[in-house]
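**Student:** Numbered according to my numbering, the sequence shown terminates at residue 444, and the numbering increases by one at each position without gaps. Below are the structure tokens for one structure; questions will follow.
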Amino acid sequence: MMEISSQIAALRTAFSAWRGQFRFSLGQPARRAEQRPGLRAGDAAFIDDIQDAMMAQSPTSSSLVLYLVALVMLSGLVWAYFARVEEVTRGNAKIISKSREQVVQSVDGGILVDLKVREGQVVEKGEILLKIDPTRANAAYREGLSKKISLKADIARLKAEAYRQPLQFPDDVAEHKAVVQQQTLSYQSRRQALEQSIAAVQNSYELVMNELTLTTPLAERGLISQVEILRMQRQANDLRTQMTELRNRFQADANTELGRAEAELDQTEERVVGQADMVTQATVLAQVRGTVKNVRVSSLGAVIQPGEVIMEIIPLEDQLLVEAKIKPGDIAFLTPGLAATVKISAYDYGVYGGLKGTLQHISPDTFNNEQRVAGAEDETYYRALVLTEHGSLEAGGKSLPIIPGMTATVEIRTGEKTILDYLLKPILKAREAFRER
């Protein structure tokens with residue numbers, strides 16, 4: 008019992024010392040029992056240390072501080088649980104051209120008579136770059152058109168002759184009066200020659216038939232041999248056949264010529280198309296909007312060879328294609344269609360912002376970085392292509408150009424996480440590490 012009493016006394020002494028230190032830390036002096044509110048004079052002598060501690064009241068200011076700290080911590084936990092931030096996958100990137108670099112050439116060549124652009128100039132699609140002397144091309148084109156009209160007129164005449172139909176010319180041929188007149192005269196002269204040939208045979212036929220008519224009664228009376236009658240009949244048949252053959256031969260010849268003329272017309276029309284293209288190609292236009300580069304022929308009067316490269320155009324498009332390198336460890340949640348942000352290295356993102364885009368393609372396998380530093384480990388990556396919504400940045404009402412070759416950083420949005428998830432992630436990783444052998 009005495010040991011227990013001594014232990015209680017020791018606890019009282021320790022508690023009193025701790026209470027005094029606690030009050031001292033709060034800047035308040037320890038109260039004596041006589042200062043306790045609600046005690047009558049003389050009662051303090053009968054109050055021990057434990058009862059005195061139980062009757063002590065905590066200062067109001069310290070309680071408010073504790074409550075405020077607890078409230079802040081609770082609010083922070085609630086905010087961290089509900090607040091969400093984007094989860095992104097990053098990769099180094101490079102701007103590439105959506106369409107390949109355009110090479111400006113002349114298919115047919117010729118003499119340079121006008122150069123409209125210079126090195127580094129931005130040109131719009133359809134803008135004239137240069138002109139080549141069109142004299143020879145125009146002459147060949149006009150000759151081809153003339154040949155085409157002449158052949159179509161020949162075909163109209165030959166159809167009238169072959170099919171025994173009225174002579175009619177197509178509208179485009181009818182506009183050329185000289186050609187129409189020439190073919191009409193040719194048709195009439197050929198028909199007239201045919202009719203004259205047939206008329207000559209017809210006269211011979213009629214003479215034979217008259218002779219046969221007069222001779223037949225004599226043969227019936229035996230005055231003329233029956234053989235003579237047969238001879239005249241055979242001659243009449245031959246003349247009828249000859250008239251038919253004249254008409255058939257005329258139509259057959261016309262039909263044969265018609266086939267040759269139609270075949271030649273097909274070839275001529277193909278040549279005319281090519282000749283018209285030569286005239287058009289004499290004025291060289293920009294096929295894309297872009298920047299002129301590497302002008303190789305600039306002297307007026309210079310001879311441009313067929314197929315010779317004259318200049319190049321680097322496309323400047325309304326949309327950009329960005330090639331990003333994604334680490335294999337970050338590829339898991341990437342799928343085409345995810346939203347992305349492209350931050351151009353040449354323009355401060357905090358000032359000019361970035362370009363919104365969409366993930367278009369992910370390579371099926373990894374690539375090795377061929378430009379790694381000597382002695383460094385092989386770097387493998389997946390190739391991801393992001394298509395931007397716009398082709399330039401805007402600042403102060405001006406467009407900031409972005410050209411192929413510029414470097415950038417691509418951030419692909421893969422989802423969202425709460426802030427609490429980020430705070431707990433190191434703890435969960437540490438817990439997983441403790442489980443390893």
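C-beta atoms are modelled at their ideal positions from N, C-alpha and C, and glycine is treated no differently.
Between which two residues does the alpha helix (DSSP H) containing Ala261 stretch?
**Tutor:** By one-based count along the sequence shown, residue 261 stands at place 254. Residues 233 to 288.
**Student:** Please report the distance separating the alpha-carbon of Ala100 from that of Phe89.
**Tutor:** On the sequence shown, residue 100 is found 93 positions in, with the first residue counted as 1. On the sequence shown, residue 89 is found 82 positions in, with the first residue counted as 1. Their backbone Cα atoms lie some 33 Å apart in a straight line.
**Student:** Measuring CA to CA, which of Lys132, Lys154, Ala289 is closest to Glu277?
**Tutor:** Taking the sequence shown and counting its residues from 1, the one referred to as residue 277 is at position 270. Here the closest residue by C-alpha is Lys154.
**Student:** Under the three-state reduction of DSSP, which class applies to Met413: helix, strand or coil?
**Tutor:** For the purposes of this step, residue 413 is taken as residue 406 along the sequence shown, with counting starting at 1. Three-state DSSP puts Met413 in coil, outside helix and strand.
**Student:** Please name the residue in Pro408, Arg390, Gln258, Ala169 whose C-alpha comes closest to that of Asp372.
**Tutor:** Position 365 of the sequence shown, counted from the start, is the residue given in the question as residue 372. It is Arg390 whose Cα lies nearest to the Cα of Asp372.
**Student:** Hey, Leu152 and Val279 are a contact pair by Cβ (cut 8 Å); roughly how many whole angstroms apart?
**Tutor:** Against the sequence shown, residue 152 aligns to sequence position 145. Against the sequence shown, residue 279 aligns to sequence position 272. Confirmed, about 6 Å.
**Student:** Count the other CB atoms within 10 Å of the CB of Gly404; is the residue buried (16 or more) or exposed (fewer)?
**Tutor:** Taking the first residue of the sequence shown as position 1, residue 404 is located at position 397. When all chains shown are included, Gly404 counts as exposed.
**Student:** Starting from Ala402, follow the beta strand (DSSP E) in both directions and report where the run begins and ends.
**Tutor:** Residue numbering aside, residue 402 sits at position 395 when the sequence shown is read from its first letter. Residues 399 to 402.
**Student:** Alpha carbon to alpha carbon, what distance is there between Gln112 and Val286?
**Tutor:** On the sequence shown, position 279 is the one that residue 286 refers to. On the sequence shown, position 105 is the one that residue 112 refers to. For Val286 and Gln112, the distance between alpha carbons rounds to 15 Å.
**Student:** Quick one: is Gly336 buried, meaning 16 or more other Cβ sit within 10 Å of its Cβ, or exposed?
**Tutor:** Counted from its first residue, the sequence shown places residue 336 at position 329. Residue environment analysis places Gly336 among the exposed positions, since fewer than 16 neighbouring C-beta atoms fall within 10 angstroms of its C-beta.
**Student:** In the DSSP assignment, find the alpha helix (DSSP H) that holds Glu126 and state where it starts and stops.
**Tutor:** By 1-based counting over the sequence shown, the position of residue 126 is 119. Counting along the chain, Glu126 falls outside any alpha helix (DSSP H), and DSSP gives it neither H nor E.
**Student:** Excluding the 5 residues flanking Gly360 on each side, which residues of the same chain have their C-beta closer than 6 Å to its C-beta?
**Tutor:** Here residue 360 is taken as the residue at index 353 of the sequence shown, counted from 1. Contacts found: none.
**Student:** Can you tell me which of the three DSSP states Leu394 falls into?
**Tutor:** To locate residue 394, count along the sequence shown from 1; it is residue 387. Of the three classes helix, strand and coil, the one that applies to Leu394 here is strand, per DSSP.
**Student:** Which value, in whole angstroms, describes the spacing of the CA atoms of Glu218 and Leu253?
**Tutor:** Within the sequence shown, numbered from 1, the residue matching residue 218 stands at position 211. Within the sequence shown, numbered from 1, the residue matching residue 253 stands at position 246. The alpha-carbon atoms of Glu218 and Leu253 are separated by roughly 24 Å.
**Student:** Let me check understanding here. Comparing Cα to Cα, which of Ala402, Leu78, Leu362, Met216 lies closest to Met239?
**Tutor:** Taking the first residue of the sequence shown as 1, we reach residue 239 at position 232. If we check each option's Cα against that of Met239, Met216 comes out closest.
**Student:** Leaving aside the five residues before and after Arg39 along the sequence, list all residues of the same chain whose C-beta is less than 6 Å from its C-beta, in chain order.
**Tutor:** The count along the sequence shown starts at 1 and reaches residue 39 at position 32. Residue confidence is low: Arg39 scores 49 on pLDDT, short of 50, so the model does not pin down where it sits. No coordinate-derived value is stated.
**Student:** Once the 5 residues before and after Thr290 are set aside, which same chain residues still bring their CB inside 7 Å of it?
**Tutor:** For the purposes of this step, residue 290 is identified with residue 283 of the sequence shown, where counting begins at 1. Excluding residues within five positions, the ones whose Cβ falls inside 7 Å are Ile135, Lys138.
**Student:** I want to know whether the region 304 to 319 touches the region 179 to 193 - three or more CB-CB distances under 8 Å.
**Tutor:** no
**Student:** If we count the other Cβ atoms within 10 Å of its Cβ and call it buried at 16 or more, is Gln172 buried or exposed?
**Tutor:** As a position in the sequence shown, residue 172 is number 165, starting the count at 1. Exposed.
**Student:** Could you tell me the alpha carbon to alpha carbon distance between Leu307 and Asp140, rounded to whole angstroms?
**Tutor:** Sequence index remark: in the sequence shown, residue 307 carries index 300 (1-based). Sequence index remark: in the sequence shown, residue 140 carries index 133 (1-based). Computed Cα separation, rounded: 11 Å.
**Student:** Just to check my reading of the structure: Gly422 and Glu94 have Cβ atoms closer than 8 Å, yes? What is that Cβ distance to the nearest angstrom?
**Tutor:** To locate residue 422, count along the sequence shown from 1; it is residue 415. To locate residue 94, count along the sequence shown from 1; it is residue 87. About 5 Å; that satisfies the 8 Å criterion.
**Student:** Using DSSP's beta-bridge definition, name the partner residues of Asn217.
**Tutor:** Position 210 of the sequence shown, counted from the start, is the residue given in the question as residue 217. DSSP output for Asn217 lists no bridge partner at all.
**Student:** Given that a residue counts as buried once 16 or more other Cβ atoms are within 10 Å of its Cβ, and exposed if not, what is Lys350?
**Tutor:** Residue numbering aside, residue 350 sits at position 343 when the sequence shown is read from its first letter. Classification of Lys350: buried, given that the 10 Å Cβ count is 16 or more.
**Student:** Once you ignore the five residues that flank Val234 on each side, which residues in its own chain have a CB closer than 7 Å to its CB?
**Tutor:** Numbered from its first residue, the sequence shown carries residue 234 at position 227. Here the set comprises nothing.
**Student:** Using only CA atoms, which one of Leu366, Glu227, Gly412, Thr425 lies nearest to Glu396?
**Tutor:** Position 389 of the sequence shown holds residue 396. Glu396 has its Cα closest to that of Leu366, out of Leu366, Glu227, Gly412, Thr425.
**Student:** Would you identify the three-state DSSP class for Phe374, choosing helix, strand or coil?
**Tutor:** Locating residue 374 in the sequence shown gives position 367, counting from the first residue. In this structure, Phe374 counts as strand in the three-state DSSP scheme.
**Student:** Considering only residues of the same chain and omitting the five flanking positions on each side of Leu225, which have a CB-CB separation below 7 Å?
**Tutor:** Locating residue 225 in the sequence shown gives position 218, where the first residue counts as 1. Excluding residues within five positions, the ones whose Cβ falls inside 7 Å are Ile231.
**Student:** Take the Cβ of Asp161 as the centre, count every other Cβ of all protein chains shown within 10 Å, and call the residue buried at 16 or more, exposed below.
**Tutor:** Numbered from its first residue, the sequence shown carries residue 161 at position 154. Counting Cβ neighbours within 10 Å, Asp161 comes out buried, since at least 16 surround it.
**Student:** What does the alpha-carbon distance come out to for the pair Glu271 and Lys159?
**Tutor:** By 1-based counting over the sequence shown, the position of residue 271 is 264. By 1-based counting over the sequence shown, the position of residue 159 is 152. Distance between the alpha carbons of Glu271 and Lys159 is about 10 Å.
**Student:** Within its chain, find whatever has a CB closer than 6 Å to the CB of Tyr356; leave out the 5 residues flanking it on each side and keep chain order.
**Tutor:** Counting from 1 along the sequence shown, the entry for residue 356 is found at position 349. Same-chain partners within the cutoff: Lys350.
**Student:** Is the beta carbon of Pro322 less than 8 Å from the beta carbon of Arg303?
**Tutor:** The residue given as residue 322 occupies position 315 in the sequence shown. The residue given as residue 303 occupies position 296 in the sequence shown. For Pro322 and Arg303, no; Cβs fall outside 8 Å.
**Student:** Based on Cα-Cα distance, which residue from Tyr212, Arg256, Thr251 lies nearest to Arg241?
**Tutor:** Sequence index remark: in the sequence shown, residue 241 carries index 234 (1-based). It is Tyr212 whose Cα lies nearest to the Cα of Arg241.
**Student:** Would you kindly work out how many angstroms separate the C-alpha atoms of Ala346 and Thr298, rounded to a whole number?
**Tutor:** Sequence index remark: in the sequence shown, residue 346 carries index 339 (1-based). Sequence index remark: in the sequence shown, residue 298 carries index 291 (1-based). Going from the Cα of Ala346 to the Cα of Thr298 covers about 29 Å.
**Student:** Is Glu418 closer than 8 Å to Arg97 when the C-beta atoms are compared?
**Tutor:** Counting from 1 along the sequence shown, the entry for residue 97 is found at position 90. Counting from 1 along the sequence shown, the entry for residue 418 is found at position 411. Cβ distance < 8 Å, so Arg97 and Glu418 count as in contact.
**Student:** Please identify the residue among Lys184, Ala87, Ala261 whose C-alpha is closest to the C-alpha of Ile426.
**Tutor:** Here residue 426 refers to the residue found at position 419 of the sequence shown. The residue with the shortest Cα to Cα distance from Ile426 is Ala87.
**Student:** Out of curiosity, what's the CA-to-CA distance linking Lys334 and Thr416?
**Tutor:** Mapped onto the sequence shown, residue 334 falls at position 327. Mapped onto the sequence shown, residue 416 falls at position 409. Roughly 13 Å between the two C-alpha positions.
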